[in-house]
Amino acid sequence: METGCLPPDDMHSFGRIQTMSIRPQIVPISLAIVLTLLLSGLTTAADDPAHPAPSPAVTPVQQPVDARDERIRQLEDRVRELEQKLGVLMERLDIDEQRQMIQEAQAAALQAGEESKPEQREFLEGGLALQKLNPEITFCADFLGTVIIDDGKFYAGETDRSGFQTRSDGLHFQHQLDPYSSFKSAFHFSPEHGVDIEEVYINWSGVIPAISFTTGRFRQNFGILNRWHDHDLDQTSYPAALRLVLGEEGLVGNGVMVKWLMPPLWAHANELTLEVVDGDDETLFSGQHFSVPSTLVHLKNYYDLSASTYLEFGLTGMFGGNNRRGWANEAGELIDEPWRRTLAAGMDLTLFWSPQTRAKYDQLTWRTEFYFVDKELPPDAGTVYSRSWGLYSYLQKQLSARWFAGIRGDAARPTFRQRDLVAWDVVPYLTFWQSEFVYLRLEYQYGRNLPAWSETGGFMPRTDNRLLLQLNFAAGPHKHEKY
């Protein structure tokens with residue numbers, strides 16, 4: 030029988046069966062040998078001519094007792110000798126059986142080890158080498174349907190009307206250049222502004238522990254929402270407080286940025302950001318590309334309040350000049366305006382709660398930011414300083430895996446204004462995330478004292494009522510990332 034096809038356990042059992050089958054064969058053979066010797070001894074005694082068998086007619090003669098006992102002792106000695114030989118033979122069989130069992134176990138172990146070895150494969154990625162050189166590309170589109178009700182009219186301005194519009198399309202590129210640097214860029218296409226380079230920057234990390242460097246054009250870290258792209262917002266647009274104080278599109282600049290992940294001091298995590306950018310923001314600074322740089326400092330403090338709750342608190346300070354340099358006056362002469370400065374400060378607070386066992390279905394976010402700007406004005410402005418401020422706060426609740434509902438409130442005294450009126454609005458909204466790439470949002474906006482440009486010139490306050498339906502999708506690896 031071939032045993033190579035049996036598993037190790039069966040092979041071991043088969044070896045024992047073979048040994049057991051040998052032993053029953055040896056025992057009858059040994060008994061047969063003993064009986065044969067006894068019979069041969071008796072037969073020899075009967076056939077011995079010195080002791081003839083008695084005839085029936087003759088009276089039997091009694092054999093000597095001593096001769097019979099001697100024969101019995103000889104036979105017993107012979108039996109003991111055979112038993113000793115049989116014992117030696119059995120011991121040899123036991124040793125051979127043990128050796129065979131050990132050999133079978135070793136063979137089974139070797140066979141199992143050979144079977145458990147993984148298949149040796151060689152992976153080649155030469156076919157993907159060129160693909161890895163290409164940057165990751167994402168296309169974003171933002172569609173907006175608007176119904177405006179303004180004093181019985183369905184428009185609020187020449188370009189602000191009810192209807193459907195492609196608010197903006199975007200192309201986003203990002204790529205890991207090498208182990209230390211990566212780049213990101215965002216290009217926006219809109220019917221009103223054409224092509225807008227929102228961000229193009231390169232980032233270095235890992236060169237110095239806990240410190241990263243960024244240079245290029247980027248959205249600045251003034252609070253939280255100013256850093257986000259508009260398609261990543263929790264509402265259809267930036268809060269009115271941010272737009273009226275910092276500018277319609279927020280703060281974006283060309284310059285350098287350094288981030289330092291500080292050792293935990295008074296919080297579980299601290300991060301300090303320093304930015305130096307040009308002052309091309311028209312709301313706070315001169316609006317020129319070549320001007321006195323502005324400097325921003327932002328301190329972020331992160332606290333883990335519990336396993337389900339965290340708190341993030343930030344402070345921002347910013348300084349720069351708003352005087353124009355190389356400006357052509359009425360006579361066509363290039364002049365530099367006298368030095369005028371702008372100070373800005375901000376505070377941001379985020380409280381986030383999400384139970385660990387229902388993180389996918391239940392969360393609550395409360396976010397608040399406050400802005401303050403002290404801007405020195407030119408002599409012909411009629412006043413020396415313009416102090417503006419803005420505040421927003423919103424609460425958002427996740428209703429299920431795909432549904433979110435929230436409400437936001439804003440109050441602000443705009444930087445550009447003719448009256449010291451406080452503008453405010455209320456914005457309830459409902460968002461449905463079809464997937465991580467597509468979402469739809471229904472939003473209502475009600476605002477009062479919002480600044481608007483009148484036909485006779487100058488700003489005038491207005492009341493705004495509008496209902497918006499937003500559709501936004503992103504195709505590519507970028508998705509909707511808040512960064």
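With our numbering applied, the sequence shown corresponds to residues 30 to 512, in that order. Glycine included, each C-beta is placed from N, C-alpha and C at the ideal position. Here the structure is a predicted model, which means the values were calculated and not measured.
Through-space distance from residue j to residue i, alpha-carbon basis
i, j, result
"Y468", "L500", "6 angstroms"
"K288", "G252", "15 angstroms"
"W356", "E362", "8 angstroms"
"R491", "L162", "53 angstroms"
"S241", "E366", "36 angstroms"
"R437", "V306", "31 angstroms"
"Y390", "D409", "57 angstroms"
"F342", "T379", "7 angstroms"
"I178", "V455", "15 angstroms"
"T460", "V236", "41 angstroms"
"G245", "S219", "22 angstroms"
"D263", "F172", "15 angstroms"
"L344", "T397", "12 angstroms"
"A239", "N250", "18 angstroms"
"I231", "S210", "7 angstroms"
"L118", "Q127", "14 angstroms"
"L111", "D125", "21 angstroms"
"G375", "V321", "21 angstroms"
"G199", "A360", "42 angstroms"
"Q392", "L424", "11 angstroms"
"L104", "E133", "43 angstroms"
"E277", "P384", "36 angstroms"
"R446", "E465", "40 angstroms"
"T394", "I364", "50 angstroms"
"Y414", "D403", "7 angstroms"
"A430", "Q463", "10 angstroms"
"Q129", "R107", "33 angstroms"
"G470", "P457", "A small correction: the amino acid at residue 470 is Arg; Gly does not occupy that position in the sequence shown. Distance between the alpha carbons of R470 and P457 is about 11 angstroms."
"V56", "A137", "For V56, the predicted model reports a pLDDT of 48, less than 50, meaning its position is unreliable and no value from the coordinates is stated."
Coil, strand or helix - residue i by DSSP
i, result
"G252", "coil"
"L262", "coil"
"R190", "strand"
"G116", "helix"
"I364", "strand"
"R121", "helix"
"Q103", "helix"
"V321", "coil"
"D207", "strand"
"E472", "strand"
"R128", "helix"
"E221", "coil"
"E311", "coil"
"R246", "strand"
"A269", "helix"
"R495", "strand"
"L162", "coil"
"E465", "coil"
Classification of residue i by the beta-carbon crowding that lies within 10 angstroms, buried from 16 upward
i, result
"H327", "buried"
"H578", "There is simply no residue 578 to check, as the chain begins at 30 and stops at 512 in what is shown."
"Q205", "exposed"
"L139", "exposed"
"S335", "exposed"
"A96", "exposed"
"G192", "exposed"
"W432", "exposed"
"Q427", "buried"
"G116", "exposed"
"F168", "exposed"
"P208", "exposed"
"S323", "buried"
"T386", "exposed"
"T265", "buried"
"V274", "buried"
"L254", "buried"
Integer Cβ distance of residue i from residue j, believed to fall under 8 angstroms
i, j, result
"T371", "G346", "Not confirmed; about 12 angstroms, so no contact."
"D259", "G282", "Actually they do not touch by this definition, with Cβ atoms about 17 angstroms apart."
"T175", "L497", "5 angstroms"
"A296", "A441", "About 29 angstroms; that fails the 8 angstroms criterion."
"N494", "V451", "About 19 angstroms; that fails the 8 angstroms criterion."
"E165", "G505", "7 angstroms"
"I435", "W453", "It is worth fixing the name first, because residue 435 is Gly in this sequence and not Ile. Not really, about 17 angstroms apart at Cβ, beyond 8 angstroms."
"E405", "R369", "4 angstroms"
"Y339", "F381", "5 angstroms"
Residue-chain proximity (residue i, chain D), Cβ-Cβ < 8 angstroms
i, result
"R437", "Absence of chain D from the displayed structure is noted, only one protein chain being present."
Beta strand (DSSP E) runs wholly inside the stretch 385-461, at least 3 long, in chain order: 393-405, 414-427, 432-442
Complete beta strand (DSSP E) runs within the stretch 273-306 (minimum length 3 residues, chain order): As far as the stretch 273-306 is concerned, its whole beta strand (DSSP E) runs of at least 3 residues are 281-291, 298-306.
Segments of 3+ residues assigned as beta strand (DSSP E) that fall wholly inside the stretch 327-366: 338-350
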